[in-house]
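Numbering (UniProt numbering), first residue to last: 1 to 208. For each residue, glycine too, the CB sits at the ideal point set by N, CA and C. Nothing here was measured: the structure is a model prediction, and the numbers come from that model. Structure, as structure tokens:
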Ligand SMILES: N[C@@H](CCC(=O)N[C@@H](CS)C(=O)NCC(=O)O)C(=O)O
């Protein structure tokens with residue numbers, strides 16, 4: 001059997017988590033290589049783009065989180081076969097990635113600048129993006145983002161909403177999703193109740 005390894009930091013709210021979840025839900029065996037921040041400087045140069053996540057298959061690597069989500073989504077039965085539904089699935093994942101990248105890119109800014117930028121992002125592009133994502137969900141029936149069933153898009157949005165509501169993103173109000181996108185919060189809570197997701201988080205240990 002081919003050996004899959006997902007290499008990512010030991011954090012649950014960011015780019016590697018949807019792929020981990022997809023493989024767990026789909027029963028796809030994989031090695032979960034959780035990189036400690038202290039080890040990252042030594043490992044960075046060996047990754048295709050100096051960043052994680054990276055997926056390894058029998059010693060070969062592929063990077064870029066949404067590409068990885070699509071690949072593992074196919075293995076896990078969580079990616080649409082139909083080309084249009086696949087495009088809808090990608091749309092939601094890319095919409096999250098686009099705005100999350102803007103928010104996370106403020107991470108290393110000096111404190112005052114980070115606060116100002118995050119507050120302005122939260123009130124502007126982030127609130128807008130959540131609202132639009134919610135409208136897309138509603139337009140597709142309100143339950144799932146694509147294919148009328150759980151796909152990797154639902155997992156990516158779920159992880160993002162969990163992260164926003166976790167209080168770990170300084171200067172982004174924790175109640176932002178509840179205020180501007182209650183249907184996304186409903187969707188989040190529904191995904192969280194999926195038996196495999198529930199079992200995964202019951203046993204999930206997060207170092208950071
Ligand atoms: N476009 C890439 C971005 C990857 C990325 O920036 N990953 C972050 C963690 S979420 C990272 O590796 N940061 C450490 C670094 O850049 O040194 C993707 O979607 O995978």
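Quick check on the burial criterion: 16 or more other C-beta atoms within 10 angstroms. Buried or exposed for residue 61?
Taking a 10 Å sphere around the C-beta of residue 61, we find fewer than 16 other C-beta atoms and assign the residue as exposed.
Are residue 155 and residue 18 close, meaning C-beta to C-beta below 8 angstroms?
Against a cut-off of 8 angstroms, the Cβ pair of residue 18 and residue 155 comes out as a contact.
State the Cα-Cα distance for the pair residue 100 and residue 131, rounded to the nearest angstrom.
In this structure, the alpha-carbon of residue 100 lies about 14 angstroms from that of residue 131.
Could you spell out the range, first to last residue, of the alpha helix (DSSP H) harbouring residue 174?
Per DSSP, residue 174 is not a residue of any alpha helix (DSSP H), being assigned neither H nor E.
For residue 22, verify whether its CB is less than 7 angstroms away from any heavy atom of ligand 1.
In this structure, the C-beta of residue 22 stays at least 7 angstroms away from each heavy atom of ligand 1.
I'd like to know whether the C-beta atoms of residue 158 and residue 185 end up nearer to each other than 8 angstroms.
With respect to the 8 angstroms criterion, residue 158 and residue 185 are not classified as neighbours on the basis of their beta carbons.
Verify the contact flag: residue 52, CB atom, against every heavy atom of ligand 1, threshold strictly below 7 angstroms.
Because some heavy atom of ligand 1 lies under 7 angstroms away, the Cβ of residue 52 counts as near it: yes.
Pairwise C-alpha distance: residue 174 and residue 167:
Going by the C-alpha atoms only, they are around 5 angstroms apart.
Residue from 11, 136, 109 and 146 whose Cα sits closest to the Cα of residue 82:
Comparing Cα positions, the closest option is 146.
Evaluate residue 30 with the Cβ neighbour count: other Cβ atoms within 10 Å of its Cβ, from every protein chain shown; 16 or more gives buried, anything less gives exposed.
With 16 or more other Cβ atoms from the protein chains shown falling within 10 Å of its own Cβ, residue 30 counts as buried.
Sequence-distant residues of its chain with Cβ nearer than 6 angstroms to residue 75 (five each side left out)
28.
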